[in-house]
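In terms of the working numbering, the sequence shown has 240 at position 132, counting the first letter as 1, and numbering is strictly consecutive.
Every residue gets a Cβ at the ideal spot worked out from N, C-alpha and C, and that includes glycine.
Report on one structure; see the data block that follows.
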Amino acid sequence: MSIHDQNYVRYEGVIDDRALWITIATTTLRIFIKFLRTKLILIFLWIFPLVMGVLVMAEYVARSNGLSTGKPGAEYVSLFIQGVTFSTILLFMASGAGVIADDLRYKTIQLYFSKPLSKFDYIFGKFLGIFILGSLVSIIPSFFVGMLRIAMYAKTDFLKPVAADMGIAWLIIIAMNAFISILLIGLSALSDRKGYVELSWIGVMVVPFVLSQIVGIATQDEGFARLWSLSGNIRLVSDWVLGEKALEGILWVSPAILVLATIGGIFALYWRVSKLEGVA
Numbered sequence: 109m110s111i112h113d114q115n116y117v118r119y120e121g122v123i124d125d126r127a128l129w130i131t132i133a134t135t136t137l138r139i140f141i142k143f144l145r146t147k148l149i150l151i152f153l154w155i156f157p158l159v160m161g162v163l164v165m166a167e168y169v170a171r172s173n174g175l176s177t178g179k180p181g182a183e184y185v186s187l188f189i190q191g192v193t194f195s196t197i198l199l200f201m202a203s204g205a206g207v208i209a210d211d212l213r214y215k216t217i218q219l220y221f222s223k224p225l226s227k228f229d230y231i232f233g234k235f236l237g238i239f240i241l242g243s244l245v246s247i248i249p250s251f252f253v254g255m256l257r258i259a260m261y262a263k264t265d266f267l268k269p270v271a272a273d274m275g276i277a278w279l280i281i282i283a284m285n286a287f288i289s290i291l292l293i294g295l296s297a298l299s300d301r302k303g304y305v306e307l308s309w310i311g312v313m314v315v316p317f318v319l320s321q322i323v324g325i326a327t328q329d330e331g332f333a334r335l336w337s338l339s340g341n342i343r344l345v346s347d348w349v350l351g352e353k354a355l356e357g358i359l360w361v362s363p364a365i366l367v368l369a370t371i372g373g374i375f376a377l378y379w380r381v382s383k384l385e386g387v388a
């Protein structure tokens, strides 16, 4: 797609040194937040971290009453990571598919690049806007739940391992949110129809998850079954980083799958923007 068709005249002046990506990011986030469906699903998805917060307090009460002893395992952390992963996927399914597609459909992408705006400003601004949207159900609740769990163990001998697990979990969730944001933007850049992007998102995220459940039932191999979906691969890698389970045998391809999916999302966006001629 060339913006020369709209009588675009290449800007030859000095590009403002201000971080224009901030404007793109805030505009992108504001557009999605104003939708009623976004507000409703944010409220719904915050039920999960509230439940996990209650479980933290229940865990502490159980230990105080002697019902549970020993070092807290990372099962809780792994479950929380899986939960916020699904929350992010659901949020992006309901709101976010049009991050690039709507610009293509309504020709606003041509308006953007008729101004002294670099490709980096546009790409990074769009990514940051979606990343912040996803953080509302992943990074932010994980911080509060993590602080609550650390506070519960503040006066015990388990403070350091619990704090370490929650710190690692927070980093994993940041990486997960970035990965899913890149994938969404990449899919959105492939079409000017938001509905097609939503269907693609279901095909990439939901259908493989259902398939992985079927494979798990058929093979009785939970690890192998998780290889069949991106959310499952996120779980495999997070458990590995947390020291819960080793990536043995064919499971070692799990990180490679996530890396390749990330590269695919970046390439799709780069391909779309590179087709705009006369842009800095």
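For Met284, the uninterrupted alpha helix (DSSP H) segment begins and ends at 267–296. For a cut-off of 8 Å, the C-beta gap from Ile197 to Ile288 is around 7 Å, short enough to register as a contact. Per DSSP, reduced to three states, the secondary structure at Leu244 is coil, with no helix or strand assignment. In terms of Cα proximity to Ala133, the closest of Leu236, Leu163, Ala209, Leu158 is Leu236. If the five residues before and after Thr193 are omitted, its C-beta is found closer than 7 Å to the C-beta atoms of Met284, Ser339, Ile342, all from its own chain and listed in chain order. Between Ile189 and Ile280, the CB-CB gap stays under 9 Å.
Going by beta carbons, Ile240 and Leu292 fall outside the 9 Å limit. Rounded to the nearest angstrom, the gap between the Cα atoms of Asp300 and Ile358 is 38 Å.
Annotation: the continuous alpha helix (DSSP H) that includes Asn341 extends over 338–350.
Taking a 10 Å sphere around the C-beta of Lys383, we find fewer than 16 other C-beta atoms and assign the residue as exposed. Boundaries of the alpha helix (DSSP H) around Met165: 155–172.
Here Ala376 carries a helix assignment [DSSP, helix/strand/coil].
By a beta-carbon distance limit of 8 Å, Thr136 contacts Gly233. Their separation comes to about 7 Å.
Under the three-state reduction of DSSP output, Ser186 falls in the helix class. Rounded to the nearest angstrom, the gap between the Cα atoms of Gly372 and Asp265 is 45 Å. Three or more Cβ pairs drawn from the stretch 199–218 and the stretch 303–314 lie within less than 8 Å of each other, which places the two stretches in contact. Cβ neighbours of Tyr261 within its own chain (closer than 7 Å, five residues either side excluded): Leu267, Val270.
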